[in-house]
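S.K.: In numbering that gives the first Met the number 0, the protein residues as written are 0 to 177. Can you read through this structure? Questions will come right after.
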Amino acid sequence: MSRRFAVFLGSLTLIITVVLAINYILVQRSLSTVLNSDTRNKGISALAHYDYLVNPKTLVFDLQVVSETNSPVDIFRVLLQFAATQKDCDYETVKLSFKGQTKFLLKGSYFKTLGVEFETQNPVYTMRTLPENVIKPDGTAAFGTWTGGWIGVFGKQMEDFIEFHKQWYINDLSKAGS
(Lines of atoms letter the chains of each structure in order from A and count residues from 1; the text may use other names and numbers.)
(Lines give C-alpha, C1' and ligand atoms only; values in the text may rest on other atoms or scores of the structure.)
Protein backbone atom coordinates (compact mmCIF):
# COMPACT_ATOMS: atom_id res chain seq x y z
CA MET A 1 0.00 0.00 0.00
CA SER A 2 1.43 3.34 -0.99
CA ARG A 3 1.87 6.10 1.55
CA ARG A 4 -0.59 8.35 -0.31
CA PHE A 5 -3.25 5.68 -0.27
CA ALA A 6 -2.68 5.06 3.45
CA VAL A 7 -3.03 8.79 4.15
CA PHE A 8 -6.20 8.87 2.03
CA LEU A 9 -7.69 5.94 3.94
CA GLY A 10 -6.75 7.50 7.26
CA SER A 11 -8.34 10.81 6.27
CA LEU A 12 -11.47 9.10 4.99
CA THR A 13 -11.79 7.13 8.21
CA LEU A 14 -11.43 10.31 10.24
CA ILE A 15 -14.08 12.11 8.18
CA ILE A 16 -16.54 9.22 8.51
CA THR A 17 -15.91 9.03 12.25
CA VAL A 18 -16.51 12.76 12.66
CA VAL A 19 -19.74 12.64 10.62
CA LEU A 20 -21.05 9.71 12.66
CA ALA A 21 -20.07 11.40 15.92
CA ILE A 22 -21.86 14.62 14.95
CA ASN A 23 -25.03 12.68 14.11
CA TYR A 24 -24.82 10.78 17.38
CA ILE A 25 -24.19 13.85 19.53
CA LEU A 26 -26.76 16.12 17.89
CA VAL A 27 -29.68 13.73 17.31
CA GLN A 28 -29.23 10.03 18.10
CA ARG A 29 -28.15 10.60 21.70
CA SER A 30 -31.42 12.49 22.34
CA LEU A 31 -33.47 9.70 20.80
CA SER A 32 -31.58 7.06 22.78
CA THR A 33 -32.29 9.00 25.97
CA VAL A 34 -36.00 9.15 25.08
CA LEU A 35 -36.13 5.42 24.40
CA ASN A 36 -34.32 4.54 27.62
CA SER A 37 -35.93 7.05 29.99
CA ASP A 38 -39.53 5.83 29.74
CA THR A 39 -40.28 2.19 30.53
CA ARG A 40 -43.30 2.33 28.18
CA ASN A 41 -40.81 2.65 25.31
CA LYS A 42 -39.38 -0.81 25.92
CA GLY A 43 -39.43 -2.87 22.74
CA ILE A 44 -39.01 0.13 20.44
CA SER A 45 -35.76 0.80 18.64
CA ALA A 46 -35.17 3.74 16.33
CA LEU A 47 -32.36 5.70 14.74
CA ALA A 48 -32.14 9.44 14.26
CA HIS A 49 -29.71 11.09 11.90
CA TYR A 50 -29.37 13.79 9.31
CA ASP A 51 -30.39 12.89 5.78
CA TYR A 52 -27.52 10.99 4.16
CA LEU A 53 -25.73 11.77 7.46
CA VAL A 54 -24.66 15.18 6.13
CA ASN A 55 -27.82 17.25 5.49
CA PRO A 56 -28.77 18.98 8.76
CA LYS A 57 -31.88 20.53 7.17
CA THR A 58 -33.55 17.11 7.01
CA LEU A 59 -33.91 14.89 10.06
CA VAL A 60 -34.57 11.17 9.65
CA PHE A 61 -36.56 9.32 12.31
CA ASP A 62 -36.02 5.70 11.35
CA LEU A 63 -38.07 3.18 13.28
CA GLN A 64 -36.17 -0.12 13.44
CA VAL A 65 -37.96 -2.45 15.87
CA VAL A 66 -41.46 -2.53 17.30
CA SER A 67 -42.26 -5.41 19.62
CA GLU A 68 -45.59 -7.22 19.70
CA THR A 69 -46.37 -5.47 22.98
CA ASN A 70 -46.02 -1.95 21.53
CA SER A 71 -49.02 -0.07 20.18
CA PRO A 72 -49.29 2.83 17.74
CA VAL A 73 -49.75 5.09 20.76
CA ASP A 74 -46.33 3.96 22.04
CA ILE A 75 -44.67 4.87 18.74
CA PHE A 76 -46.53 8.18 18.68
CA ARG A 77 -45.37 8.97 22.22
CA VAL A 78 -41.73 8.27 21.28
CA LEU A 79 -42.06 10.56 18.27
CA LEU A 80 -43.50 13.34 20.46
CA GLN A 81 -40.90 12.85 23.18
CA PHE A 82 -38.15 13.02 20.57
CA ALA A 83 -39.72 16.11 18.97
CA ALA A 84 -39.56 17.76 22.40
CA THR A 85 -35.79 17.17 22.50
CA GLN A 86 -35.44 18.79 19.06
CA LYS A 87 -37.74 21.79 19.63
CA ASP A 88 -34.85 24.25 19.42
CA CYS A 89 -33.79 22.95 16.01
CA ASP A 90 -35.09 24.26 12.70
CA TYR A 91 -35.48 21.44 10.21
CA GLU A 92 -37.03 21.88 6.79
CA THR A 93 -38.23 18.29 6.68
CA VAL A 94 -38.48 15.26 8.95
CA LYS A 95 -38.51 11.87 7.26
CA LEU A 96 -40.43 9.10 8.98
CA SER A 97 -38.80 5.85 7.92
CA PHE A 98 -39.07 2.19 8.75
CA LYS A 99 -35.88 0.15 8.50
CA GLY A 100 -34.26 2.66 6.18
CA GLN A 101 -37.22 3.19 3.84
CA THR A 102 -38.82 6.63 3.93
CA LYS A 103 -42.56 6.23 4.32
CA PHE A 104 -43.73 9.76 5.17
CA LEU A 105 -42.54 13.33 5.67
CA LEU A 106 -43.42 16.05 8.13
CA LYS A 107 -42.71 19.72 7.59
CA GLY A 108 -39.96 20.80 9.94
CA SER A 109 -42.14 23.60 11.29
CA TYR A 110 -44.85 21.10 12.26
CA PHE A 111 -42.29 18.82 13.92
CA LYS A 112 -41.04 21.83 15.87
CA THR A 113 -44.62 22.60 16.94
CA LEU A 114 -44.99 19.02 18.18
CA GLY A 115 -41.89 19.49 20.31
CA VAL A 116 -42.80 22.94 21.62
CA GLU A 117 -46.35 21.85 22.53
CA PHE A 118 -45.37 18.46 23.96
CA GLU A 119 -45.74 19.50 27.61
CA THR A 120 -48.93 21.55 27.17
CA GLN A 121 -51.00 20.26 24.25
CA ASN A 122 -53.65 17.59 24.79
CA PRO A 123 -52.06 14.44 23.29
CA VAL A 124 -55.43 13.25 21.96
CA TYR A 125 -55.73 16.47 19.95
CA THR A 126 -52.22 15.97 18.59
CA MET A 127 -53.01 12.34 17.80
CA ARG A 128 -56.18 13.31 15.92
CA THR A 129 -54.54 16.07 13.88
CA LEU A 130 -51.19 14.42 13.10
CA PRO A 131 -52.37 12.56 9.95
CA GLU A 132 -53.54 15.74 8.23
CA ASN A 133 -49.96 17.02 8.58
CA VAL A 134 -48.34 13.91 7.12
CA ILE A 135 -46.94 14.10 3.60
CA LYS A 136 -46.11 11.25 1.22
CA PRO A 137 -42.51 11.10 -0.06
CA ASP A 138 -43.74 12.47 -3.41
CA GLY A 139 -44.89 15.66 -1.65
CA THR A 140 -48.65 15.04 -1.73
CA ALA A 141 -50.85 14.97 1.34
CA ALA A 142 -51.08 11.51 2.83
CA PHE A 143 -54.45 12.13 4.48
CA GLY A 144 -57.24 14.63 4.11
CA THR A 145 -58.81 17.07 6.52
CA TRP A 146 -62.22 16.22 7.91
CA THR A 147 -65.16 18.56 8.48
CA GLY A 148 -68.61 18.07 9.91
CA GLY A 149 -69.93 17.00 13.27
CA TRP A 150 -67.40 16.52 16.05
CA ILE A 151 -68.09 12.82 16.64
CA GLY A 152 -67.86 11.97 12.94
CA VAL A 153 -64.69 14.03 12.46
CA PHE A 154 -63.10 12.48 15.55
CA GLY A 155 -63.86 8.97 14.28
CA LYS A 156 -62.38 9.65 10.83
CA GLN A 157 -59.28 11.30 12.32
CA MET A 158 -58.67 8.26 14.53
CA GLU A 159 -59.11 5.96 11.53
CA ASP A 160 -56.47 8.05 9.71
CA PHE A 161 -54.17 7.82 12.76
CA ILE A 162 -54.33 4.02 12.67
CA GLU A 163 -53.96 3.92 8.88
CA PHE A 164 -50.89 6.17 9.15
CA HIS A 165 -49.25 3.67 11.50
CA LYS A 166 -50.24 0.74 9.29
CA GLN A 167 -48.60 2.36 6.28
CA TRP A 168 -45.55 3.51 8.26
CA TYR A 169 -44.56 0.16 9.84
CA ILE A 170 -47.41 -2.19 10.84
CA ASN A 171 -48.00 -3.58 7.34
CA ASP A 172 -44.28 -4.33 6.99
CA LEU A 173 -44.23 -6.01 10.41
CA SER A 174 -47.21 -8.13 9.37
CA LYS A 175 -45.42 -9.21 6.17
CA ALA A 176 -42.28 -10.11 8.11
CA GLY A 177 -44.31 -12.18 10.59
CA SER A 178 -46.03 -14.19 7.84
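Glycine included, every Cβ here is placed at the ideal spot set by N, Cα and C.
Measure the C-alpha to C-alpha separation of F163 and I169 and round it to an integer number of angstroms.
M.R.: Looking at the two C-alpha atoms, the distance is approximately 9 Å.
S.K.: What whole-angstrom Cβ distance do I134 and L105 have, given they're in contact under 8 Å?
M.R.: Correct: roughly 7 Å between the Cβ atoms.
S.K.: Grab the span of the alpha helix (DSSP H) containing A45 for me, first residue to last.
M.R.: Unbroken run through A45 is the beta strand (DSSP E), I43 to D50; no alpha helix (DSSP H).
S.K.: Hey, which unbroken runs of the alpha helix (DSSP H) at 4 residues or more fall wholly within the region 12-82?
M.R.: Taking only runs of at least 4 residues, the alpha helix (DSSP H) segments lying wholly in the region 12-82 are 28-36.
S.K.: Quick one: grab the DSSP three-state call for A140.
M.R.: Strand.
S.K.: On a Cα-Cα basis, can you pick out the residue from Q100, K102, Q27 and G154 that is closest to M126?
M.R.: Among Q100, K102, Q27 and G154, the Cα nearest to that of M126 is on G154.
S.K.: Which whole runs of the alpha helix (DSSP H) in the region 77-130 are 4 residues long or more, in chain order?
M.R.: Qualifying alpha helix (DSSP H) stretches, in chain order: 107-115 and 122-128.
S.K.: Let's test the definition: count the other Cβ atoms within 10 Å of the Cβ of K41 and tell me whether it reaches 16, buried, or not, exposed.
M.R.: Result: exposed.
S.K.: Among A141, S96, P130 and T57, which one has its Cα closest to the Cα of L46?
M.R.: It is S96.
S.K.: Across which residues does DSSP place V133 in a beta bridge pair?
M.R.: For V133, which the question treats as bridged, DSSP gives the partners L105.
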